[in-house]
Amino acid sequence: MSYVEMPGAKVPIRLWADPATIEQSALQQLRNVATLPWIEGLAVMPDVHYGKGATVGSVIAMRDAVCPAAVGVDIGCGMSAVRTSLTADDLPGDLSRLRSKIEQAIPVGRGMHDDPVDPGRLHGFPQAGWDHFWGRFDGVAEAVRFRQERAGRQMGSLGSGNHFVEVCTDTAGAVWLMLHSGSRNIGKELAEHHIGIARGLPHNQGLVDRDLAVFVADTPQMAAYRNDLFWAQEYARYNRSIMMALLKDVVRREFKKAGPAFEAEISAHHNYVAEERYDGMDLLVTRKGAIRAGSGEFGIIPGSMGTGSYIVKGLGNEKSFNSASHGAGRRMSRSAAKRRFTTRDLEEQTRGVECRKDSGVVDEIPGAYKPIEQVIDRQRDLVEVVAKLKQVVCVKG
């Protein structure tokens, strides 16, 4: 299907979602975004829901401005996936050992490595640019530089919330490795630092929502934010790459007899800013809970921890600013999910998946998310499905 258009103050709001299913708080956030003086376009993905600062599942295109709260505090959060040469027949009936080995290799929750991971010991890890990346840390905001040691030890760790590491099988029986994480604490602290600065700038005092405070071009504040933003996005990509390398090492050891091989890695941010050109204009495109889906570009749209996920290929729809959804999207808040569901519900909804089934992850229960099939169906003009995956192991923080 195509999009529905709603009127907005400065630009129309293009919705790849049924307006009747969007909570009023999220609709109001979208209307507020459409009032920004710098906005050139707003596209809304089918996994849209209310978010802190700005709506999750929104693509905001602005000229000469960027809103740090619309990017969010997990700068560069995204997905990575790799198809392996293993098949479902290679997997043991009891997957608890595999899950345990993954949890030993990749710190979860607030955990971190005892010492920074040496990429030189990781099989096939692309080290080009690694030293230059860390060399740029001296140029990030002075307020967070004391976190360098922690940032080094958290590199290659998962975090908590909706972040996960999964082993999946597709409909043809191939085994995939998939994970979801971002820029960890260093990205959060950089984001919060700059959001605070933006709120105090004079040009933001008349905005309808303080969370929509922006930095504007040709100012020192914008230059500082762009520097830290792009560094944090790179941190997030390296973080996923190291976790994927650690995950591959686990699979090599556990399936040594099968001699697993791995195809090229698919990686996609879904909380980030990109410099892109549309209708002859150079724009700053913020995707909060959305992936880039340019023509032929691969992306990942995961469901919840008990449902399927999709590998997709972009169709290059410029009406959505070459974007698609980043997942199923929540249909209830974490607190509402904890009130509504029990651990027994979690066990039922994750049957057949080797994963945590305790009260600490009830807020991630599949019932708290929108049905992934419906989300995919509403963006047939944005992406084509390449593979459908079903997780058999899911590691949560």
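When you line the sequence shown up against full-length UniProt numbering, it's residues 1 to 397, in that order.
Positions of the beta carbon are idealized from the N, C-alpha and C atoms, including for glycine.
message = Looking at leucine 315: is its Cβ nearer than 8 Å to the Cβ of serine 335?
response = On the sequence shown, residue 315 is found 315 positions in, with the first residue counted as 1. On the sequence shown, residue 335 is found 335 positions in, with the first residue counted as 1. In this structure, serine 335 does not lie closer than 8 Å to leucine 315 by Cβ.
Which of helix, strand or coil DSSP assigns to threonine 21 = On the sequence shown, residue 21 is found 21 positions in, with the first residue counted as 1. Residue state, collapsed to three classes: helix.
key: Endpoints, alpha helix (DSSP H) assigned at arginine 330   = In the sequence shown, counting from the first residue as 1, residue 330 sits at position 330. Segment: none, arginine 330 is in no alpha helix (DSSP H) and carries neither H nor E.
query = In or out: glutamine 154 buried (at least 16 other Cβ within 10 Å) or exposed?
reply = For this step, residue 154 is matched to residue 154 along the sequence shown. Label assigned to glutamine 154: buried.
task = Determine the extent of the beta strand (DSSP E) in which tyrosine 238 is found, giving its start and end residues.
result = For the purposes of this step, residue 238 is taken as the residue at position 238 of the sequence shown. Judged by DSSP secondary structure, tyrosine 238 falls outside any beta strand (DSSP E) and instead within the alpha helix (DSSP H) spanning 220-254.
ask   = What residues match up with histidine 180 in a beta bridge as DSSP calls it?
value = Counting from one through the sequence shown, the residue named residue 180 turns up at place 180. Its beta-bridge partners are Met79, Phe164.
key: Nearest-angstrom Cα separation, counted from histidine 49 out to glutamine 28   = Here the question's residue 28 lines up with position 28 in the sequence shown. Here the question's residue 49 lines up with position 49 in the sequence shown. The straight-line gap from Cα to Cα measures roughly 11 Å.
query = What is the C-beta distance between alanine 337 and alanine 368, in whole angstroms, given that I count them as a contact (C-beta under 8 Å)?
reply = Reading the sequence shown from its first residue, position 337 is the one you call residue 337. Reading the sequence shown from its first residue, position 368 is the one you call residue 368. Yes, they are in contact, since the Cβ atoms of alanine 337 and alanine 368 sit about 4 Å apart, within 8 Å.
task = Identify whether leucine 95 lies in helix, strand or coil by the three-state DSSP scheme.
result = Within the sequence shown, the letter at position 95 stands for residue 95. Leucine 95 falls in the coil class under three-state DSSP.
key: Separation of valine 214 from glycine 233, as counted between CA atoms   = The count along the sequence shown starts at 1 and reaches residue 233 at position 233. The count along the sequence shown starts at 1 and reaches residue 214 at position 214. Going by the sequence as given, residue 233 is glutamine instead of glycine. If you take the alpha carbons of glutamine 233 and valine 214, they lie about 19 Å apart.
ask   = To the nearest angstrom, how far is it from the Cα of glycine 57 to the Cα of lysine 257?
value = Locating residue 57 in the sequence shown gives position 57, counting from the first residue. Locating residue 257 in the sequence shown gives position 257, counting from the first residue. Looking at the two C-alpha atoms, the distance is approximately 43 Å.
message = Using the Cβ count rule (16 or more neighbours within 10 Å means buried), how would you classify histidine 163?
response = Taking the sequence shown and counting its residues from 1, the one referred to as residue 163 is at position 163. Label assigned to histidine 163: buried.
task = Please work out which residues of its chain come closer than 8 Å, Cβ to Cβ, to valine 216, disregarding the five sequence neighbours upstream and downstream, and give them in chain order.
result = Position 216 of the sequence shown, counted from the start, is the residue given in the question as residue 216. So the qualifying residues of the chain are Trp38, Asp64, Ala65, His203, Met222.
key: Anticipated Cβ contact below 8 Å, leucine 190 with valine 144, distance rounded   = Here the question's residue 190 lines up with position 190 in the sequence shown. Here the question's residue 144 lines up with position 144 in the sequence shown. Contact holds; Cβ gap of about 6 Å.
ask   = How about the stretch 299-312 and the stretch 79-96: do they share at least three Cβ pairs that are nearer than 8 Å?
value = yes
request  = Taking 8 Å as the cut-off, decide whether the C-beta atoms of threonine 87 and valine 175 are in contact.
outcome  = As a first step, residue 87 must be located in the sequence shown, where it is residue number 87. As a first step, residue 175 must be located in the sequence shown, where it is residue number 175. Taking 8 Å as the Cβ cut-off, threonine 87 and valine 175 qualify as a contacting pair.
Sequence-distant residues of the same chain with beta carbon closer than 6 Å to phenylalanine 321, five excluded per side = Here residue 321 refers to the residue found at position 321 of the sequence shown. Ala43, Val59, Ala61, Val285.
key: Between the CA atoms of cysteine 67 and arginine 199 - distance to the nearest angstrom   = Here residue 199 corresponds to residue number 199 of the sequence shown, with the count starting at 1. Here residue 67 corresponds to residue number 67 of the sequence shown, with the count starting at 1. Their backbone Cα atoms lie some 10 Å apart in a straight line.
request  = Since I believe alanine 69 is in contact with leucine 247 (beta carbons under 8 Å), could you give me their beta-carbon distance rounded to a whole number of angstroms?
outcome  = Within the sequence shown, the letter at position 247 stands for residue 247. Within the sequence shown, the letter at position 69 stands for residue 69. That pair is no contact at about 32 Å.
query = From alanine 54 to glycine 259, what does the alpha carbon distance come to, in whole angstroms?
reply = In the sequence shown, the residue the question calls residue 54 occupies position 54. In the sequence shown, the residue the question calls residue 259 occupies position 259. Answer to the nearest angstrom: the Cα atoms are 46 Å apart.
key: Backbone secondary structure at valine 73 - three-state DSSP   = Position 73 of the sequence shown, counting from 1, holds the residue named residue 73. In the structure shown, valine 73 sits in coil (DSSP, three-state: anything other than H, G, I, E or B).
DSSP-derived helix/strand/coil call for threonine 169 = For the purposes of this step, residue 169 is identified with residue 169 of the sequence shown, where counting begins at 1. Threonine 169: strand per DSSP, three-state reduction.
query = Thinking just about the alpha-carbon of each residue, which of Gly329, Lys319, Ile301 is nearest to the one in glutamate 384?
reply = The residue you call residue 384 lines up with position 384 of the sequence shown. Checked all of Gly329, Lys319, Ile301; the closest Cα to glutamate 384 is Ile301.
message = Tell me the residue span of the beta strand (DSSP E) that contains histidine 270.
response = Numbered from 1 along the sequence shown, position 270 holds the residue referred to as residue 270. Looking at the DSSP string, histidine 270 is not in any beta strand (DSSP E), and its letter there is neither H nor E.
Enclosing beta strand (DSSP E) for histidine 49 [first to last residue] = Reading the sequence shown from its first residue, position 49 is the one you call residue 49. Start and end: 39-49.
query = Going by Cα to Cα distance, which pick from Glu23, Gly182, Gly173, Glu149 is closest to valine 165?
reply = Stepping through the sequence shown from its first residue, residue 165 is reached at position 165. When only C-alpha atoms are compared, the closest one is Gly182.
request  = Spell out the partners DSSP gives leucine 389 in its beta bridges.
outcome  = Position 389 of the sequence shown, counted from the first residue, corresponds to residue 389. Leucine 389 is bridged to Asp170, Ser309.
inquiry  = Mapping the DSSP letters down to three states, classify glycine 360 as helix, strand or coil.
reply    = Mapped onto the sequence shown, residue 360 falls at position 360. Glycine 360 falls in the helix class under three-state DSSP.
inquiry  = On the CB-based measure, 16 or more other CB atoms within 10 Å of its CB, does alanine 261 come out buried or exposed?
reply    = Against the sequence shown, residue 261 aligns to sequence position 261. Under this definition alanine 261 is an exposed residue.
request  = Measure the C-alpha to C-alpha separation of residue 456 and lysine 10 and round it to an integer number of angstroms.
outcome  = The displayed coordinates of the chain run from 1 to 397. Any statement about residue 456 would go beyond what the structure contains.
key: Cut-off 8 Å between Cβ atoms - residues of its own chain near alanine 105, not counting five sequence neighbours on either side   = Looking up residue 105 in the sequence shown gives position 105. Answer for alanine 105: Leu246, Leu247, Asp249, Val250, listed in chain order.
task = Flag this pair as yes or no: are the beta carbons of serine 267 and arginine 240 separated by less than 8 Å?
result = As a working note, residue 267 is residue 267 in the sequence shown. As a working note, residue 240 is residue 240 in the sequence shown. Yes; because the gap between Cβ atoms is below 8 Å, this pair is in contact.
inquiry  = Looking at the strands, I want to know which residues DSSP matches up with arginine 136.
reply    = The residue labelled residue 136 in the question sits at position 136 within the sequence shown. Paired residue(s): none; arginine 136 is not in a bridge.
query = Can you name the start and end residues of the beta strand (DSSP E) that arginine 153 belongs to?
reply = For the purposes of this step, residue 153 is taken as the residue at position 153 of the sequence shown. It is not in any beta strand (DSSP E) - arginine 153 instead sits in the alpha helix (DSSP H) that spans 148-154.
request  = Consider the C-beta atom of isoleucine 291 and the heavy atoms of the ligand GDP; say whether any pair is separated by less than 7 Å.
outcome  = As presented, the structure is devoid of all ligands, the ligand GDP included, so that no description of it is given.
message = Taking 6 Å as the limit between beta carbons, can you name the residues of its chain near glycine 78, skipping five residues before and five after?
response = Counted from its first residue, the sequence shown places residue 78 at position 78. Cβ neighbours of glycine 78 beyond the five flanking positions: Ala268, His269, His270.
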